[in-house]
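Data first, discussion second: the structure below is written as structure tokens.
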Amino acid sequence: MRTELASEPGDATRPNEDFASVGLPASGQGGALVVLDGVTPPRGGTGCLHSVPWFTARLGGALTELTVSLPDVPLADALTRAIARTAEAHAATCDLSHPRTPQATVVLARWSPESVEYLVLSDSALLVESPDGTVTPCLDDRLARLPRASLATDALIDAHVRNKEGGFFTAAADPSVAGRAVTGVLAREDVRALAALTDGATRWVEKFREGDWGDCFTFVRKEGARALVDRVRALESADEQERTYLGRSKTHDDATVVYAEL
Numbered sequence: 007m008r009t010e011l012a013s014e015p016g017d018a019t020r021p022n023e024d025f026a027s028v029g030l031p032a033s034g035q036g037g038a039l040v041v042l043d044g045v046t047p048p049r050g051g052t053g054c055l056h057s058v059p060w061f062t063a064r065l066g067g068a069l070t071e072l073t074v075s076l077p078d079v080p081l082a083d084a085l086t087r088a089i090a091r092t093a094e095a096h097a098a099t100c101d102l103s104h105p106r107t108p109q110a111t112v113v114l115a116r117w118s119p120e121s122v123e124y125l126v127l128s129d130s131a132l133l134v135e136s137p138d139g140t141v142t143p144c145l146d147d148r149l150a151r152l153p154r155a156s157l158a159t160d161a162l163i164d165a166h167v168r169n170k171e172g173g174f175f176t177a178a179a180d181p182s183v184a185g186r187a188v189t190g191v192l193a194r195e196d197v198r199a200l201a202a203l204t205d206g207a208t209r210w211v212e213k214f215r216e217g218d219w220g221d222c223f224t225f226v227r228k229e230g231a232r233a234l235v236d237r238v239r240a241l242e243s244a245d246e247q248e249r250t251y252l253g254r255s256k257t258h259d260d261a262t263v264v265y266a267e268l
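Counting along the sequence shown from 1, when you hit position 241 you're at 247 in the numbering used here, and nothing is skipped either side.
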């Protein structure tokens, strides 16, 4: 088995809000990966005393433990438990009903000798390579399908589409959101490798059109996770003057890539 992880903040002066881990059980049978992309809040209050990195570390740590230690618990149930555990850690001090309470996108994958399970919530991506080289993206595209007008301001997003029916969902303080995730189970023999990317890394495909998902996976497999992050940074820097025209809210974003050959 080969695993590789690269994660870099979009701004070196600010903490990285992403979280990534790979867990391998002591039995040596199977493993799991966890990737979270913390949602940067707008200026103003969030109702919480804690930072987004605090939240992603808590949620990511819980998911790493649960996905490895409880292999018979479905990933959606593991996410439910992890959200509840994290919410309990700050419910007494923070307003968890605030629409901008700390939250994150989620990618989970867990493999055993028999199967590969996956879960995707919001706009991070999981790429699955089959033995014949075909790459299939596992995506939660609800945010991408929303009308641009509904995303015009933070106030509109929070009032009408963030964690709302007909909008999009992230892991925040409500454990029931796990039931909204995109999930699936594949036969182990049908999967050769996996790549999980936060949206700071998926810009290679979605913003800069360097290739499709298959090309992106091939780039990571041949050049490495670090190389993909570096290439995105170079593209961002070269295009910085046009970022408003192209619709990017930030010149750089936290970027994380996890690659696992099974």
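For glycine and all other residues, C-beta sits at the position ideal for the given N, C-alpha and C.
Closest in alpha carbon position to A12, among D196, E246, A201, is A201.
Around the beta carbon of A161, a 10 Å sphere encloses fewer than 16 other beta carbons of the protein chains shown; the residue is thus reported as exposed.
The distance from the Cβ of R194 to that of S243 is about 41 Å, inconsistent with a contact at the 8 Å cut-off.
When the alpha-carbon of A266 is set against those of T19, V58, L114, the nearest one is in L114. Within the segment 147-191, complete alpha helix (DSSP H) segments of at least 4 residues are found at 148-151, given in chain order. Secondary structure at P59: helix, using DSSP grouped into helix, strand and coil.
Rounded to whole angstroms, the separation of the alpha carbons of T46 and V112 is 15 Å. Distance check between N169 and each of E229, T107, A207, G220 places T107 closest, using alpha-carbon atoms only.
Under a 10 Å Cβ-count criterion, S182 is classified as exposed, with fewer than 16 other Cβ atoms of the shown protein chains found around its own Cβ. The beta carbon of V264 sits closer than 6 Å to the beta carbons of L11, A26, L39, V41, A202 from its chain, once the five residues preceding and following it are set aside; these are given in chain order.
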